[in-house]
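Residue numbers (this note's numbering), protein chains in the order written: chain A, 1 to 447; chain B, 1001 to 1447.
Reading through the structure tokens given below for one structure.
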């Protein structure tokens, strides 16, 4: 972090010189000022926000963590806190209020005018991870019978508070969304043109209860920078902006990666998780996988006599099950991701099966070859070598098939396919692989 | 896909009725029309694009795959193909020309006017995965000494061709980027105001050679919908729009997921990969991991006598190494992702180490407990049970430590930490875990 910036911000805040502070801060991006503030002491942060003008302060406050936003607002004079809260975009306020203790949230809400407070409460009640929860009501609405000049006048009046001004949402008489016009279309249109003359195309919107991941998919499919959110009867309640949906895309990818690694998703950034939290997220799957894997001990115990007779068979256990696990992990991660981004669907099952079995076959042949080389180098008998090679072939194909089919079936059953993690496939293939190995050993070695 | 839409498009295209086709198509989103077209025969697609008006046709053509874009343009009359190519956004044209055979690209480029062709060639020469390659030069530039009215006039003139009109890029006399104004600021400003009076804040841009992932990070950090791309001397060459960067974010997450699964990234959507391509991407790591894992055979051979004496020790081999692999996979995927999104950096090494060792310790204690229970159920001696439990404790902690440190060190060495995949960690922990297991066995069982 730039130490000069921190020093400058401190000096100007302590002098309580609003004009100089505004002027200095305006030279930078709000994000960078917020980053510098995060490195400062709480009293310094407080003195910054009591000095800076409200519109500029709000822009910066938006970038801070909800806990810090609360701490700062809570220590301010009520009227200043109230002005900042009202200027903040409504989705940030909702996120702030839901991140603090309900008692604290109640206190914060008293800073808000009645009608605004009611609106915020509605948004707080939308389910987590839905489109409604992400929406902001700071958008510009226009009436269908307005002309472009009327609309421009309206934008000039309310534009300062809106999060996005590139699109104007055209509403019918009951607040229902009837169309979207871009600011560009308004400017390019002849004066006097009515909005209904410009409106065209079908209006894409997302439902308030839609999962955030689906809403993100709609937005990236159509290359929108914002998408309107509607409730019953197509009544418009707000918009979701692309920056919030980029966060969703990051979040969902992180969750999938953590699940594929065999852990429950963390929900919060890494360092926000205590050791206890990490433990809880991880132990669940470790125990489930342990119980599943425990089966391998029984398999090996069952073949105790075979093992005693040919102790060399044991040398290849980790190698064989390892190779099976690796193949399975490759296939399952590729397919889970392909399902998540919509490249593959359930109806492609047969195509996927064919592709994976073919690939598995060639991989298996290669691995069988190197397995027999390995057995030769280790100096075990050629008989054992062939058992190892044949098992490698079978296990690789088997792992490919299981890893191809399981995620697709789970996807169809509306279970998140990412629960079929690499570790899950590895564990599944371990037991079945061992049975194959010993069955082949008994046949080929006449045990 | 909507069969009615396909039928309607076909009828109107065959009638060569441009007005009715334009009117029908304008009722829908270009993406949806493109999706319907993808389901149609090539001759039908061709007749659609020769009937529809150029501006509307271009919007839809942009959504098709480059190979199809080429096939269609190649079969058209030259002047129509030329008009469509010129109307397309420049980044789409670059992508098209780089996706087809150089001979075909050369032919397409002859459809372009000289100056446009030169510009496109420059963009085609930027390295893959850089900001330059993603940039489009269809943006609106203004001069620093213009007034807002002059700027608005200019927007009205050139706005139709621009990809984004919400931001106007203000250039100095040598084409250097000196600031950005939003369309909103221009509309809200008093007539007669000069652009230099509105300009404020420092202008964030990305360098033409910056990696696309970094450019995406800049855009999502500042919540921009577009970011300007500059070459030497701050000379502006184009903008990258948020929709292209969303694709980058998806692409990079997909690559990380595939690498973490132990495969080389596919670069193309799943079904575009032939069996041969999948084989090539997977066999590399399978072989590397096989060679690494081959070590376990030598370890087991080394302990052959110990194994023969206590065959029961072999029962727990898959269980112990499996548990180690699972723990390692959980930690490594979480950290690789945390590094990728910037939640964790190299300087956090010690904090990460402490957190992972502590978590590993508690996980290890739990797994040791269930391991001893499992040994008891299987009916092996309590001595062997304690060897298994102690090994489980050690292996879990060891796996956590390795999985925590390796990705951070690689990140520091500028090697993509995602190469430390789940399978990689599993393989690494397998060998070392077995040595621990047999060492403990020799000590405790006095072998």
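Just so you know, even glycine gets a beta-carbon here, dropped at the ideal spot from N, CA and C.
Predicted model, so just to flag it, every value in this text is computed and none were measured.
Item	Value
Residue 1055 of chain B to residue 1093 of chain B span [Cα, whole Å]	15 angstroms
Any 3 or more C-beta pairs closer than 8 angstroms across the region 1252–1260 of chain B and the region 326–346 of chain A	yes
Sub-8 angstroms separation of residue 1433 of chain B and residue 1372 of chain B beta-carbons	no
Below-8 angstroms beta-carbon distance, residue 462 of chain A vs any chain B residue	In the structure as shown, chain A starts at 1 and stops at 447, and residue 462 of chain A therefore has no counterpart that could be examined.
Separation of residue 1107 of chain B from residue 63 of chain A, as counted between CA atoms	50 angstroms
Residue span of the alpha helix (DSSP H) that contains residue 169 of chain A, given as start and end	It is not in any alpha helix (DSSP H) - residue 169 of chain A instead sits in the beta strand (DSSP E) that spans 167–171.
Stretch-stretch touch, CB-based, cutoff 8 angstroms, three pairs: the region 338–347 of chain A with the region 1316–1330 of chain B	no
Minimum length 4: unbroken alpha helix (DSSP H) runs contained in the region 228–258 of chain A	none
CB contact below 8 angstroms: residue 1197 of chain B versus chain A	no
Contact set between residue 95 of chain A and chain B, taken where Cβ atoms lie within less than 8 angstroms	Residues of chain B passing the Cβ test: none, with the nearest at roughly 14 angstroms.
Beta carbon of residue 120 of chain A nearer than 8 angstroms to that of residue 90 of chain A	yes
Exposed unless 16 or more other CB atoms sit within 10 angstroms - verdict on residue 1322 of chain B	buried
Chain-ordered residues of the region 236–250 of chain A with a beta carbon less than 7 angstroms from chain B	242, 243, 246, 249, 250
Stretch pair the region 1141–1156 of chain B + the region 1097–1114 of chain B: three plus CB contacts closer than 8 angstroms	no
Within 7 angstroms of chain B by C-beta, residues of the region 222–233 of chain A in sequence order	222, 223, 225
Backbone CA spacing between residue 266 of chain A and residue 303 of chain A [nearest angstrom]	41 angstroms
Residue closest to residue 198 of chain A, alpha-carbon to alpha-carbon, out of B:1026, B:1104, B:1198	B:1026
First and last residue of the uninterrupted beta strand (DSSP E) at residue 344 of chain A	From DSSP, residue 344 of chain A is part of no beta strand (DSSP E); its letter is neither H nor E.
Pick from B:1220, B:1428, B:1367 that is closest to residue 1288 of chain B, judged by C-alpha positions	B:1428
Cβ neighbours of residue 45 of chain A in the same chain (closer than 7 angstroms, five flanking residues each side left out)	37, 72
Residue from B:1297, B:1314, B:1078 with nearest C-alpha to residue 305 of chain A	B:1314
Beta carbon of residue 1447 of chain B nearer than 8 angstroms to that of residue 1309 of chain B	yes
Buried or exposed (CB count within 10 angstroms, at least 16 for buried), residue 179 of chain A	buried
Cβ-based burial, residue 374 of chain A [other Cβ within 10 Å; buried from 16]	buried
Beta carbon of residue 229 of chain A nearer than 8 angstroms to that of residue 131 of chain A	yes
Validate contact between the region 404–412 of chain A and the region 267–287 of chain A using beta carbons, cut 8 angstroms, 3 pairs	no
Beta-carbon neighbours of residue 1367 of chain B, restricted to chain A and to distances below 7 angstroms	286, 290
Bridge-paired residues (DSSP) for residue 1147 of chain B	B:1194
CB-CB length for residue 1033 of chain B against residue 152 of chain A, believed under 8 angstroms	Between residue 152 of chain A and residue 1033 of chain B the Cβ distance is about 31 angstroms, and since that is not below 8 angstroms, they are no contact.
Outcome for residue 381 of chain A when other beta-carbon atoms lying within 10 angstroms are tallied against a minimum of 16	exposed
Counted within 10 angstroms of its Cβ, other Cβ atoms place residue 1223 of chain B as buried (16 or more) or exposed	buried
Cβ neighbours of residue 1368 of chain B in the same chain (closer than 6 angstroms, five flanking residues each side left out)	1389, 1392, 1393
Euclidean distance between Cα positions of residue 349 of chain A and residue 413 of chain A	14 angstroms
CB contact flag (residue 264 of chain A, residue 284 of chain A, <8 angstroms)	yes
Cross-chain neighbours of residue 1355 of chain B in chain A, by beta carbon under 9 angstroms	270, 271, 273, 274, 275, 278
Euclidean distance between Cα positions of residue 445 of chain A and residue 312 of chain A	12 angstroms
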